[in-house]
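According to the working numbering, the sequence shown is numbered sequentially starting from 521. Below is one structure, written out as structure tokens, with a few remarks after it.
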Amino acid sequence: MALFARVADIVPEVVPADGVCGLTLDPATLLHTGGFHHRGVPHSHLPRLLQIEYGEEDVNQFPGLVRTGGTAAGLWQATGHRPHSSSRYRDVYRPAGMGDEMRVLLRTGHTVWGALVLHRGGDRAPFGGGEITALATLAPSVAQALRAAYLRHDVAAADCELPTAPGLLLFHPGGELDRATPAGHLWLEQLDAAGAQSAPLPQPVLHAAGRARATGDASLRMRSRNGPWVSVTATRMGAEGAVAVMVQPSSPQHVIGILMEAYGLTPREQQVAQLVTYGMSDTDISRRLGISPHTVRDHLKKVFDKTGANSRGRLLQLLYFSHYQPDVDNGRTMGRRGWFHSAQV
521 MALFARVADI
531 VPEVVPADGV
541 CGLTLDPATL
551 LHTGGFHHRG
561 VPHSHLPRLL
571 QIEYGEEDVN
581 QFPGLVRTGG
591 TAAGLWQATG
601 HRPHSSSRYR
611 DVYRPAGMGD
621 EMRVLLRTGH
631 TVWGALVLHR
641 GGDRAPFGGG
651 EITALATLAP
661 SVAQALRAAY
671 LRHDVAAADC
681 ELPTAPGLLL
691 FHPGGELDRA
701 TPAGHLWLEQ
711 LDAAGAQSAP
721 LPQPVLHAAG
731 RARATGDASL
741 RMRSRNGPWV
751 SVTATRMGAE
761 GAVAVMVQPS
771 SPQHVIGILM
781 EAYGLTPREQ
791 QVAQLVTYGM
801 SDTDISRRLG
811 ISPHTVRDHL
821 KKVFDKTGAN
831 SRGRLLQLLY
841 FSHYQPDVDN
851 GRTMGRRGWF
861 HSAQV
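Given below as structure tokens:
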């Protein structure tokens with residue numbers, strides 16, 4: 521992602537680091553959906569890192585940072601300068617010749633859009649309190665830019681070709697890919713995140729499989745390499761830890777929530793906007809939500825201001841059709857469940 525590439529150039533000028541990674545996260549699940557990696561964790565250590573992230577307790581895991589309301593935290597700092605108490609340091613970073621790690625959440629309000637992860641070599645001093653504060657101060661500006669990236673309409677070029685069939689990937693208990701359907705191999709090419717092309721498999725697929733192996737199931741929404749939205753769903757099969765991963769185009773219903781968050785709509789504004797897309801009148805919405813028609817109109821005005829829409833029809837276009845225009849242009853029709861069918865069907 522170009523944004524993270526620019527951030528990776530700027531961050532070392534603020535806080536010296538030997539490695540900088542920028543991650544996009546699904547706001548609903550906090551699963552890794554892509555990003556930029558410069559001298560991050562070696563791929564050979566990734567299976568153990570995924571085990572720790574999704575199956576064990578450790579310091580500064582993303583859900584924990586979100587719960588505590590923190591923005592930036594260092595591993596050395598969080599362990600009281602006893603890094604060996606962290607299994608992530610003990611089993612991954614130290615064997616890889618790495619030292620301290622800093623994690624920085626990129627969020628606007630209560631919504632997390634991504635994270636920065638900084639590393640220092642094993643022979644370098646850990647991140648200091650002032651450096652951690654400096655990155656926490658920088659984070660909101662990066663978060664705003666990252667949120668705006670979710671609203672790009674131009675990335676989904678009308679001539680991009682996505683697989684029309686869901687792709688199935690089967691993973692061994694140890695995390696290796698066992699086999700995949702032909703559509704599954706095509707989807708792997710689409711999910712190859714910028715900055716991580718040297719990885720044996722796309723990071724989002726590995727992270728979804730890693731969480732499913734630990735918890736039973738996992739899902740995420742992300743943009744494919746060409747732009748359109750994709751849903752990745754993983755399920756553990758049996759006690760041994762084999763995992764099945766399904767990849768398919770996201771339906772508009774699966775994406776509208778993340779788009780409304782990206783526009784900065786409040787929970788009540790999201791409710792009003794959703795009901796507007798159902799074709800409900802101000803009076804109908806008033807009855808459904810138990811608020812006055814005047815209040816409905818106030819919320820709708822704020823929705824229009826934040827999205828740039830000037831009518832109900834334009835709002836519907838922004839939340840649904842602008843992000844799916846390539847499907848329409850390619851002759852695909854939407855079925856009853858909100859999925860676009862192939863033009864050949």
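Ideal placement from N, C-alpha and C gives every residue a C-beta, glycine not left out.
query = Roughly how many angstroms lie between the CA atoms of residue 832 and residue 737, to the nearest whole one?
reply = By one-based count along the sequence shown, residue 832 stands at place 312. By one-based count along the sequence shown, residue 737 stands at place 217. When rounded, the distance between both Cα atoms is 37 Å.
query = Any idea if residue 594 is buried or exposed, counting beta-carbon neighbours within 10 angstroms, 16 or more meaning buried?
reply = Walking along the sequence shown from the start, residue 594 turns up at place 74. Counting Cβ neighbours within 10 Å, residue 594 comes out buried, since at least 16 surround it.
key: Where the beta strand (DSSP E) containing residue 739 begins and where it ends   = Indexing the sequence shown from 1 puts residue 739 at position 219. 737–743 is the extent of the beta strand (DSSP E) around residue 739.
query = Cβ of residue 774 less than 7 Å from any chain D Cβ?
reply = The chain labelled as chain D is not found in the depicted structure, where only one protein chain is given.
inquiry  = Taking 7 Å as the threshold (C-beta atoms), are residue 689 and residue 703 in contact?
reply    = Indexing the sequence shown from 1 puts residue 703 at position 183. Indexing the sequence shown from 1 puts residue 689 at position 169. No; because the gap between Cβ atoms is not below 7 Å, this pair is not in contact.
Simplified DSSP assignment, three categories, for residue 673 = As a first step, residue 673 must be located in the sequence shown, where it is residue number 153. A caution first: residue 673 carries a pLDDT of 49, below 50, which makes its placement in the model unreliable, though a value can still be read off. Of the three classes helix, strand and coil, the one that applies to residue 673 here is coil, per DSSP.
request  = Check whether the Cβ atoms of residue 821 and residue 783 sit closer than 7 Å, and answer yes or no.
outcome  = Reading the sequence shown from its first residue, position 301 is the one you call residue 821. Reading the sequence shown from its first residue, position 263 is the one you call residue 783. Not closer than 7 Å, so no.
ask   = Do you know whose CA, among 528, 621, 635, lies nearest residue 627's CA?
value = The residue given as residue 627 occupies position 107 in the sequence shown. Taking only the C-alpha atoms, the option nearest residue 627 is 635.
task = Would you decide whether residue 530 is buried or exposed? Buried here means 16 or more other CB atoms lie within 10 Å of its CB.
result = If you number the sequence shown from 1, residue 530 lands on position 10. Residue 530 should be labelled exposed.
request  = Taking only the alpha-carbon atoms, compute the straight-line gap between residue 556 and residue 611 and give it to the nearest angstrom.
outcome  = Looking up residue 556 in the sequence shown gives position 36. Looking up residue 611 in the sequence shown gives position 91. Going by the C-alpha atoms only, they are around 23 Å apart.
key: Contacts around residue 763, its chain only, beta-carbon distance under 6 Å, and the 5 residues preceding and following it disregarded   = Taking the first residue of the sequence shown as 1, we reach residue 763 at position 243. The beta carbon of residue 763 lies closer than 6 Å to those of 691, 729, 732, 733, 754, 756 in the same chain, with the five residues before and after it left out.
key: Spatial distance of residue 714 from residue 708 (CA atoms)   = On the sequence shown, residue 714 is found 194 positions in, with the first residue counted as 1. On the sequence shown, residue 708 is found 188 positions in, with the first residue counted as 1. Summary for residue 714: the model assigns pLDDT 39, below 50, so the residue's position carries little reliability; its value from the coordinates is reported in the next sentence. Straight-line Cα distance between these residues: approximately 13 Å.
Distance, residue 814 Cα to residue 839 Cα = To locate residue 839, count along the sequence shown from 1; it is residue 319. To locate residue 814, count along the sequence shown from 1; it is residue 294. If I take the Cα positions, the gap works out to 23 Å.
inquiry  = In whole angstroms, give me the CA-to-CA distance for residue 750 and residue 543.
reply    = Translated into positions along the sequence shown, residue 750 becomes position 230. Translated into positions along the sequence shown, residue 543 becomes position 23. Their Cα atoms are separated by approximately 17 Å.
ask   = With which residues is residue 749 paired in a DSSP beta bridge?
value = Numbered from its first residue, the sequence shown carries residue 749 at position 229. Answer is 743, bridged to residue 749.
query = Thinking C-beta only, is residue 727 closer than 7 Å to residue 552?
reply = Here residue 552 refers to the residue found at position 32 when the sequence shown is read from its first residue. Here residue 727 refers to the residue found at position 207 when the sequence shown is read from its first residue. Contact flag set, yes.
query = Which residues bound the alpha helix (DSSP H) around residue 780?
reply = Reading the sequence shown from its first residue, position 260 is the one you call residue 780. Unbroken alpha helix (DSSP H) run through residue 780: 772–782.
Same chain, Cβ closer than 8 Å to residue 792, neighbours up to 5 away in sequence not counted = Looking up residue 792 in the sequence shown gives position 272. Answer for residue 792: 805, 809, 816, 819, 820, 823, listed in chain order.
ask   = Cα separation between residue 857 and residue 686?
value = Indexing the sequence shown from 1 puts residue 857 at position 337. Indexing the sequence shown from 1 puts residue 686 at position 166. With a pLDDT of only 41 at residue 857, under 50, the local geometry of the prediction cannot be trusted, and no value is derived from it.
inquiry  = Nearest by alpha-carbon distance to residue 564: which of 632, 616, 795 is it?
reply    = On the sequence shown, residue 564 is found 44 positions in, with the first residue counted as 1. It is 616.
ask   = Which runs of the alpha helix (DSSP H) spanning at least 4 residues fall entirely within the region 783–825, listed in chain order?
value = 787–797, 802–809
inquiry  = Going by beta-carbon coordinates alone, are residue 638 and residue 591 separated by less than 7 Å?
reply    = Working through the sequence shown from its first residue, we reach residue 638 at position 118. Working through the sequence shown from its first residue, we reach residue 591 at position 71. Against a cut-off of 7 Å, the Cβ pair of residue 591 and residue 638 comes out as no contact.
inquiry  = In the DSSP assignment, the alpha helix (DSSP H) including residue 581 goes from what residue to what residue?
reply    = In the sequence shown, residue 581 corresponds to position 61, counting from 1. Segment: none, residue 581 is in no alpha helix (DSSP H) and carries neither H nor E.
task = Would you grab the beta carbon distance between residue 740 and residue 546 for me? Rounded to a whole angstrom, and I think it's under 8 Å.
result = Here the question's residue 740 lines up with position 220 in the sequence shown. Here the question's residue 546 lines up with position 26 in the sequence shown. Indeed they touch by this definition, with Cβ atoms about 4 Å apart.
query = Just the Cα atoms here: how many angstroms apart are residue 771 and residue 789?
reply = Translated into positions along the sequence shown, residue 771 becomes position 251. Translated into positions along the sequence shown, residue 789 becomes position 269. Roughly 22 Å between the two C-alpha positions.
N-terminal and C-terminal residue of the alpha helix (DSSP H) that residue 709 is part of = The sequence position of residue 709 within the sequence shown is 189, counting from 1. Per DSSP, residue 709 belongs to the alpha helix (DSSP H) from 702–710.
Cα-Cα separation between residue 527 and residue 799, rounded to whole angstroms = Residue 527 sits at position 7 when you count from the first residue of the sequence shown. Residue 799 sits at position 279 when you count from the first residue of the sequence shown. Counting only the Cα atoms, residue 799 lies some 42 Å from residue 527.
request  = Using the DSSP secondary-structure output, state which residues sit across from residue 621 in a beta bridge.
outcome  = Looking up residue 621 in the sequence shown gives position 101. According to DSSP, residue 621 bridges with 639.
inquiry  = Could you tell me the alpha carbon to alpha carbon distance between residue 647 and residue 622, rounded to whole angstroms?
reply    = As a working mapping, residue 647 is identified with position 127 in the sequence shown. As a working mapping, residue 622 is identified with position 102 in the sequence shown. Cα to Cα, the separation comes out at about 7 Å.
query = How many Å lie between residue 867 and residue 830 at the Cα?
reply = Only positions 521 to 865 of the chain appear in this structure, which leaves residue 867 out of reach.
key: Own chain residues within Cβ distance below 8 Å of residue 601, not counting five before or after   = Locating residue 601 in the sequence shown gives position 81, where the first residue counts as 1. Correct list, in chain order: 646.
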